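First up is the structure itself, then whatever we jot down about it.
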Amino acid sequence: MFSEREFERYQRQMMLFGEEGQERLKKAHIFIAGAGGLGSPVSIYLAVAGIGTITIVDMDVVDGTNLNRQILHYPRDIGRKKTASAEEKLRELNPDITINAIDMKIDDNNAVKLIGRAEGIVDAMDNYPTRYLLNDVAIAKKIPLFHGGIRGFYGQATTILPGTTPCLKCIFPKPPPKEVFPVVGVTPGIIGTIQANEVIKYLIGSGELLMGRLFIWDGLQAHGEEICVERNPACKACGDMTTITTTPGKKK
Amino acid sequence: MTVKIRFFARFRELLGTDIVTDVAPGTMFTSLIISVAKKNPEGCAAIFDETGAFHEFVILMKNGKRIEIADVAETAVVDGDEIAVFPPVAGG
Numbered sequence: 001m002f003s004e005r006e007f008e009r010y011q012r013q014m015m016l017f018g019e020e021g022q023e024r025l026k027k028a029h030i031f032i033a034g035a036g037g038l039g040s041p042v043s044i045y046l047a048v049a050g051i052g053t054i055t056i057v058d059m060d061v062v063d064g065t066n067l068n069r070q071i072l073h074y075p076r077d078i079g080r081k082k083t084a085s086a087e088e089k090l091r092e093l094n095p096d097i098t099i100n101a102i103d104m105k106i107d108d109n110n111a112v113k114l115i116g117r118a119e120g121i122v123d124a125m126d127n128y129p130t131r132y133l134l135n136d137v138a139i140a141k142k143i144p145l146f147h148g149g150i151r152g153f154y155g156q157a158t159t160i161l162p163g164t165t166p167c168l169k170c171i172f173p174k175p176p177p178k179e180v181f182p183v184v185g186v187t188p189g190i191i192g193t194i195q196a197n198e199v200i201k202y203l204i205g206s207g208e209l210l211m212g213r214l215f216i217w218d219g220l221q222a223h224g225e226e227i228c229v230e231r232n233p234a235c236k237a238c239g240d241m242t243t244i245t246t247t248p249g250k251k252k
Numbered sequence: 001m002t003v004k005i006r007f008f009a010r011f012r013e014l015l016g017t018d019i020v021t022d023v024a025p026g027t028m029f030t031s032l033i034i035s036v037a038k039k040n041p042e043g044c045a046a047i048f049d050e051t052g053a054f055h056e057f058v059i060l061m062k063n064g065k066r067i068e069i070a071d072v073a074e075t076a077v078v079d080g081d082e083i084a085v086f087p088p089v090a091g092g
């Protein structure tokens, strides 16, 4: 049930997906890996949309060089833990949801437990080793992984449903080299917003997800396109999974 | 015969895109991309290692279908092929 305040907040989106859809968002628990450039727009939009429980994990401290893109964090937060800053902003944006902000490095030993009962993982990381780990957990738990990545004016996004779509390792078997990447804030703004949009569609069962499609954004050309991606039967991460043809969460 | 090469993202910045080029029958995939990329050494180095093989993270598509780097040196292009060369990005 919703309070009067919630009815007011969600009025415009309940016009799209009804009280039933809103209830679905309220019951949802989404895990966001990273409170940086992608994690900022993802968590802000999921919070204001009323995702009932958001777990957000990051190990870093806010740095002055983050402020051109990591819009959860303000100049006054420099030196603070990103999780403390994120928790404060997200609670203020929507006091009617639960925020679990966890200051921790996601690793082999804690990933399964951290993700817990979340029903979807948002990849807002800045490195492939952790992304592959999130991919493994998504496969083990059979929950979606909402992937995003950015560099400069360029970005990519896809939605992975283990057993149905290619997994991250099928699409990117080898990581690009590590670097201090150039970036302008609008790029993670665009890609993170696409990821949040995918999460909402997945939860309410509307529209077409970026399944088996890698969305590629070129901000310099203001041009988006997609390439089809397929499962790799020999994939080391998901090759053993039986193919699942139904889409979880999708209403027929 | 002609083939079309599409570079994405950073590769596009360095080398342009939608390059339609005349090739001789029997031209191999890798040698075709090298011949187009070598006009810009930086672009070439972004796509190929010092041995002239594709960097292992590069994503290659032919006519909308993924092809594996392990196979491309032995794959000939045919008239009308559209080839996409894409660099995954890692930032967040």
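Line by line, the protein sequences give chains P and Y.
The numbering of the first sequence is the working numbering, which starts it at 1 and goes up by one.
The numbering of the second sequence is the working numbering, which starts it at 1 and goes up by one.
C-beta atoms are modelled at their ideal positions from N, C-alpha and C, and glycine is treated no differently.
Predicted model, so just to flag it, every value in this text is computed and none were measured.
Quickly, what does DSSP pair residue i with across the bridge? List them, please.
i: P/Y154; result: P/R151, P/D218
i: P/H223; result: P/D218
DSSP three-state label for residue i, please.
i: Y/A73; result: coil
i: P/I244; result: coil
i: Y/F11; result: helix
i: P/K26; result: helix
i: Y/A45; result: helix
i: Y/K38; result: coil
i: P/R91; result: helix
i: P/A33; result: strand
i: P/F145; result: Per the sequence shown, the amino acid found at residue 145 of chain P is Leu instead of Phe. It is a strand residue.
i: P/D136; result: helix
i: P/E20; result: helix
i: Y/T60; result: It is worth fixing the name first, because residue 60 of chain Y is Leu in this sequence and not Thr. In this structure, Y/L60 counts as strand in the three-state DSSP scheme.
i: Y/F86; result: strand
i: P/A234; result: coil
Distance check for residue j and residue i, CA to CA, integer angstroms please.
i: P/A35; j: Y/P41; result: 37 Å
i: P/R5; j: P/D96; result: 9 Å
i: P/P182; j: P/M125; result: 15 Å
i: Y/V36; j: P/P144; result: 39 Å
i: Y/A76; j: Y/F29; result: 6 Å
i: Y/E56; j: P/K174; result: 6 Å
i: P/I190; j: Y/M1; result: 39 Å
i: P/F2; j: P/G79; result: 38 Å
i: Y/V23; j: Y/V3; result: 7 Å
i: P/I204; j: P/N66; result: 33 Å
i: P/M104; j: Y/A46; result: 34 Å
i: P/C238; j: P/D107; result: 19 Å
Can residue i and residue j be called in contact, C-beta distance under 9 Å?
i: P/Y128; j: Y/A9; result: no
i: P/A157; j: P/L214; result: yes
i: P/G163; j: P/T243; result: yes
i: Y/V85; j: Y/I69; result: no
i: Y/G92; j: P/I44; result: no
i: Y/V89; j: P/P176; result: yes
i: P/A114; j: P/T55; result: Reading off the sequence shown, one finds Leu at residue 114 of chain P, where the question assumed Ala. Taking 9 Å as the Cβ cut-off, P/L114 and P/T55 qualify as a contacting pair.
Worksheet item: Listed from N- to C-terminal order along the chain, which residues in the stretch 197-231 of chain P have their beta-carbon within a distance smaller than 7 Å of any beta-carbon of chain Y?
Response: I216, D218, I227, C228, V229, E230
Item to complete: Scan the stretch 112-137 of chain P for residues whose Cβ lies nearer than 7 Å to a Cβ of chain Y and list them as they occur along the chain.
Response: A124, M125, D126, N127, Y128
Worksheet item: Between the stretch 8-22 of chain Y and chain P, which residues of the former have a C-beta closer than 8 Å to a C-beta of the latter?
Response: F8, A9, R10, R12, E13
Fill in: Residues within the stretch 55-66 of chain Y neighbouring chain P, beta-carbon criterion of under 7 Å
E56, F57, M61, G64, R66
Worksheet item: Got a sec: which bits of the stretch 21-36 of chain Y sit with their beta carbon under 8 Å from any beta carbon on chain P, in order along the chain?
Response: none
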